[in-house]
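Counting from 1, position 15 in the sequence shown corresponds to residue 15 in full-length UniProt numbering; the numbering is continuous, with no gaps.
Let me begin by presenting the structure, written as structure tokens, before commenting on it.
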Amino acid sequence: MDNKNPSLSGIKVLVVDDNEDTLALTQLMLGLCGAEVIASPTAAEGLEQVQMQRLDIIVSDISMPCMDGYQFIRAVRDLPIDKGKHTPALALTAFNGPEYSARALHAGFQAHLSKPASLEVLVETIVDMISLSRNFLN
């Protein structure tokens with residue numbers, strides 16, 4: 001990471017993606033930026049992680065088997081507040097276009113990025129989302 005990118009030091013990120021390569025690459029990239037990354041290969045496992053620990057943000061794929069990203073974020077939003085209901089969530093997906101952004105926002109994500117997203121854009125989006133979330137809660 002170059003010095004222009006904000007640091008993710010002290011940020012706990014849950015990444016949910018069924019594609020092993022994408023999951024590993026996202027985990028590596030965010031880790032190199034200082035984030036503590038929890039990687040989940042399924043939405044069901046991701047939902048367990050949300051309930052087990054305090055997370056700063058969720059980064060999730062949409063197209064996954066069994067439970068897709070829309071179902072996953074709806075399940076997160078149905079959790080009690082102390083179990084992660086209000087955790088900021090970013091849809092990081094191959095689905096591109098305004099209709100997919102609108103669908104992601106309607107489902108409960110706060111932002112939508114299309115793959116492949118540059119590291120700079122991904123980190124800036126995460127930092128902005130966490131900042132907005134913290135300002136909202138204070």
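Yeah, the Cβ is synthetic: ideal placement off N, Cα and C, and Gly gets one too.
On a Cα-Cα basis, can you pick out the residue from the options that is closest to residue i?
| i | options | result |
| --- | --- | --- |
| M64 | I38, G10, L105, E45 | E45 |
| G84 | P98, Q71, L55 | L55 |
| N23 | I58, Y100, S7, D78 | The question names Asn, yet the displayed sequence has Leu at residue 23. L23 has its Cα closest to that of I58, out of I58, Y100, S7, D78. |
So, for residue i: in the same chain, excluding its five sequence neighbours on each side, which residues have a beta-carbon less than 6 Å away from its beta-carbon?
| i | result |
| --- | --- |
| D2 | Low local confidence applies: a pLDDT of 47 at D2 is under 50, so the model's placement there is unreliable, with the coordinate-based value given in what follows. Nothing meets the Cβ criterion. |
For residue i, which residues from the same chain have a beta carbon less than 8 Å from its beta carbon, with the 5 sequence-adjacent residues on both sides left out?
| i | result |
| --- | --- |
| E20 | P41 |
| D78 | K85 |
Going along the chain, which residues of its own chain have a beta-carbon closer than 7 Å to the beta-carbon of residue i, five neighbours each way excluded?
| i | result |
| --- | --- |
| A75 | L47 |
| V37 | V13, V15, Q27, L30, G31 |
Given this structure, state the Cα-to-Cα distance separating residue i from residue j, to the nearest angstrom.
| i | j | result |
| --- | --- | --- |
| E124 | P116 | 15 Å |
| S9 | D68 | 29 Å |
| T87 | G108 | 10 Å |
| residue 156 | V121 | Nothing about residue 156 can be reported from this structure: the residues present for the chain run from 1 to 138 only. |
| S114 | A89 | 14 Å |
| P129 | D18 | According to the sequence displayed, residue 129 carries Met and not Pro. Approximately 23 Å, taken between the alpha carbons. |
| L105 | S131 | 18 Å |
| A118 | I81 | Position check: residue 118 holds Ser in this sequence, whereas Ala was assumed. Near 32 Å, if we compare the C-alpha coordinates of I81 and S118. |
Is residue i close to chain C? Criterion is C-beta to C-beta, closer than 9 Å.
| i | result |
| --- | --- |
| T93 | Any reference to chain C falls outside this structure, which holds one protein chain only. |
Let me know the secondary structure DSSP gives residue i once reduced to three states.
| i | result |
| --- | --- |
| I42 | First, the amino acid is wrong: residue 42 is Thr here, not Ile. Three-state DSSP puts T42 in coil, outside helix and strand. |
| H86 | coil |
| A35 | coil |
| S60 | strand |
Quick check: is any heavy atom of the ligand ZN less than 8 Å from the C-beta of residue i?
| i | result |
| --- | --- |
| V127 | Absence of the ligand ZN is noted for the structure shown, with no ligands found whatsoever. |
Checking the sheet assignment: what are the DSSP bridge partners for residue i?
| i | result |
| --- | --- |
| S114 | T93 |
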